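Student: The letter at position 8 of the sequence shown is residue 8 when you use our numbering, and the numbering goes up by one with no holes. Here a beta-carbon is modelled for each residue, glycine too, at the ideal position from N, C-alpha and C. Note that the structure is predicted; figures quoted are calculated from it, not measured. Pasting a structure here, questions to come.
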Amino acid sequence: MNIEIEKMTKEHLNQIKDILQEQFDEFWNANVLDKELENPLSDYIVAIEDEKVVGYAGLWQPIDEGHITNIVTRKDKRGNHIGTKMLEEIINLAKTKKLKSITLEVNEHNETAIRLYKKYNFIEVGKRTKYYNKIDDAIIMTLELTCLGTGQKQVKKERNL
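This is the structure in structure tokens:
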């Protein structure tokens, strides 16, 4: 399986409509994503296989922090590490933009995603009650990018100054 990661364009939106209809509530739709593509504080990527969109992910960058809006893989393509590739690309993008941290919300029942985020050193920092469709709670997770590559002792030392 050959997956390419590209910057999302308006041309990708028709293919993403199908993914959105099967995966999300009413908020995330093609019109919202169309507006997001014009937002200077947003970056969206797509995963492409055989010239077809099989997933997408988004990052907001208010000030010096990032927020992952979503990472979505088509249901029939899950388990193929597409979400992992998109998460890595988002983390690299955030590092390039010199963001201090990345935060996200994940459904408390999405054990696969929670394991993935923990593998990349996201930590649980809170909860949003009935966040998803007014039913499921969201776990808030954060990755501190300022710690990456500097070593924990150095970071602790700087905080004590």
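#1: Mind checking who H67 pairs with in its DSSP beta bridge?
#2: Which partner residues of I82 appear in the DSSP bridge assignment?
#3: Report the rounded CA-to-CA distance for M8 versus E124, giving the unit in angstroms.
#4: Buried or exposed, going by whether 16 or more other CB atoms sit within 10 Å of the CB of I16?
#5: For T146, count neighbouring Cβ atoms within 10 angstroms of its own Cβ and tell me buried if that reaches 16, exposed if not.
#6: Look at the alpha carbon of K75 and the alpha carbon of I82, and state the distance between them as a whole number of angstroms.
#7: Roughly how many whole angstroms lie between the Cα atoms of W60 and I68?
#8: Out of R128, S42, D136 and G55, state which residue places its alpha-carbon closest to the alpha-carbon of I63.
#9: By DSSP, does D50 sit in helix, in strand, or in coil?
#10: Which residues in the same chain as G66 place their Cβ atom closer than 6 Å to its Cβ, once the five residues preceding and following it in sequence are excluded?
#11: Shorter than 7 Å, the distance from the beta carbon of K35 to the closest heavy atom of the ligand NAP, or not?
#12: Counting beta carbon pairs with one atom in the region 123-142 and one in the region 86-93, are three or more of them shorter than 8 Å?
#13: When we look at the beta-carbon of E105 and count the other beta-carbons within 10 Å, is it buried (16 or more) or exposed?
#14: Mapping DSSP to helix, strand and coil, what is K130?
#15: Am I right that V46 and E6 are in contact with their C-beta atoms under 8 Å? What's the rounded C-beta distance?
Tutor: The short version:
#1: Mapped onto the sequence shown, residue 67 falls at position 67. In DSSP, H67 forms a bridge with W60 and T103.
#2: Numbered from 1 along the sequence shown, position 82 holds the residue referred to as residue 82. According to DSSP, which records beta bridges pairwise, I82 is partnered with nothing at all.
#3: As a working note, residue 8 is residue 8 in the sequence shown. As a working note, residue 124 is residue 124 in the sequence shown. Cα to Cα, the separation comes out at about 29 Å.
#4: On the sequence shown, position 16 is the one that residue 16 refers to. Burial call: buried.
#5: Within the sequence shown, the letter at position 146 stands for residue 146. With fewer than 16 other Cβ atoms within 10 Å, it is exposed.
#6: Stepping through the sequence shown from its first residue, residue 75 is reached at position 75. Stepping through the sequence shown from its first residue, residue 82 is reached at position 82. The alpha-carbon atoms of K75 and I82 are separated by roughly 11 Å.
#7: Residue numbering aside, residue 60 sits at position 60 when the sequence shown is read from its first letter. Residue numbering aside, residue 68 sits at position 68 when the sequence shown is read from its first letter. Each residue's alpha carbon lies about 6 Å from the other.
#8: Here the question's residue 63 lines up with position 63 in the sequence shown. Of all alpha-carbon atoms in R128, S42, D136 and G55, the one lying nearest the alpha-carbon of I63 is that of S42.
#9: Sequence index remark: in the sequence shown, residue 50 carries index 50 (1-based). Secondary structure at D50: coil, using DSSP grouped into helix, strand and coil.
#10: Residue mapping note: residue 66 aligns to position 66 of the sequence shown, counting from 1. L59, A94, L99 and I102.
#11: The ligand content of the structure shown is nil, which means the ligand NAP is not present either.
#12: no
#13: Here residue 105 refers to the residue found at position 105 of the sequence shown. Buried.
#14: Numbered from its first residue, the sequence shown carries residue 130 at position 130. DSSP places K130 within a strand segment (E or B) once states are collapsed to three.
#15: Start at 1 with the first residue of the sequence shown, and residue 46 comes out as number 46. Start at 1 with the first residue of the sequence shown, and residue 6 comes out as number 6. Indeed, because the Cβ distance is near 6 Å, the residues count as touching under 8 Å.
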